[in-house]
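As structure tokens, the structure follows; a few thoughts come after it.
In this note's numbering, the protein residues as written are 6 to 214.
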């Protein structure tokens, strides 16, 4: 929560957030996925001969990203770094990652270490990083590389992308959707009830003596 609140921009990347905002405020917020952001920034950088850096994921995934970027966005200069797969990085590992990024000086740094590790890492080190924009985009690395297929537009438009991802990766996704999903729904219900009660008029009745 602290990491997210310290960000300059938060995208509503999730149908639950969109539904929550509409339920509480009535505002029809549009879902903007990490994939949308990634594609938009790549198009902008390609037109300006920009530079981007991919931090995260495996070498296999990063190699596939390199192959696709070279074909689709030939004007972009890019670099990658695959960190160790662990919950916590050592000071030496953090220094190596930061040094690699700063030596390249990217316009955009894409970070894909899975949530919430990536958000916490960026928050802890953003003042040390020499990049104009830092984006935590998680699964987009695999989607763009093709190592994991994103659900089709049919499911996305229905607001059921989460369900297809759960079916495809139950071991990794079950806690996010099966455990935390109901917790989020309960928190939303309480917030909605509180808001509705605050809007109810107070009625006083005084019985005659």
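No residue lacks a Cβ here, since even glycine has one placed at the ideal position from N, Cα and C.
*Under three-state DSSP, which class holds residue 61?*
The sequence position of residue 61 within the chain shown is 56, counting from 1. Strand.
*asked:* I'd like to check one pair, residue 33 with residue 51: are the Cβ atoms closer than 8 Å?
replied: Within the chain shown, the letter at position 46 stands for residue 51. Within the chain shown, the letter at position 28 stands for residue 33. Cβ atoms of residue 51 and residue 33: not closer than 8 Å.
*By DSSP, does residue 56 sit in helix, in strand, or in coil?*
For the purposes of this step, residue 56 is taken as residue 51 along the chain shown, with counting starting at 1. Residue state for residue 56 is assigned as strand, using DSSP reduced to three classes.
*Cα separation between residue 117 and residue 39?*
Sequence index remark: in the chain shown, residue 117 carries index 112 (1-based). Sequence index remark: in the chain shown, residue 39 carries index 34 (1-based). Answer to the nearest angstrom: the Cα atoms are 11 Å apart.
*asked:* Could you check whether the stretch 123-142 touches the stretch 96-113, counting it as contact only if at least three pairs of C-beta atoms, one from each stretch, sit closer than 8 Å?
replied: Using a C-beta cut-off of 8 Å, the stretch 123-142 makes contact with the stretch 96-113, since at least three inter-stretch Cβ pairs fall below that distance.
*With a Cβ-Cβ cutoff of 8 Å, do residue 67 and residue 82 count as a contact?*
Here residue 67 is taken as the residue at index 62 of the chain shown, counted from 1. Here residue 82 is taken as the residue at index 77 of the chain shown, counted from 1. Taking 8 Å as the cut-off, the Cβ atoms of residue 67 and residue 82 do not count as close.
*Within 10 angstroms of its Cβ, does residue 6 collect 16 or more other Cβ (buried), or is it exposed?*
To locate residue 6, count along the chain shown from 1; it is residue 1. With fewer than 16 other beta carbons inside 10 angstroms of its own, residue 6 counts as exposed.
*Find the nearest neighbour of residue 141 within the set 26, 125 and 97, judged by alpha-carbon distance.*
Walking along the chain shown from the start, residue 141 turns up at place 136. With distances taken between CA atoms, residue 141 lies nearest to 125 out of 26, 125 and 97.
_Test item: CB-CB of residue 152 and residue 69 under 8 Å_ = Along the chain shown, read from residue 1 onward, the residue named residue 152 stands at position 147. Along the chain shown, read from residue 1 onward, the residue named residue 69 stands at position 64. Yes, the Cβ-Cβ distance between residue 152 and residue 69 is below 8 Å.
_Which runs of the alpha helix (DSSP H) at least 4 residues long sit entirely within the stretch 130-171? Give them in chain order._
As far as the stretch 130-171 is concerned, its whole alpha helix (DSSP H) runs of at least 4 residues are 145-150 and 158-162.
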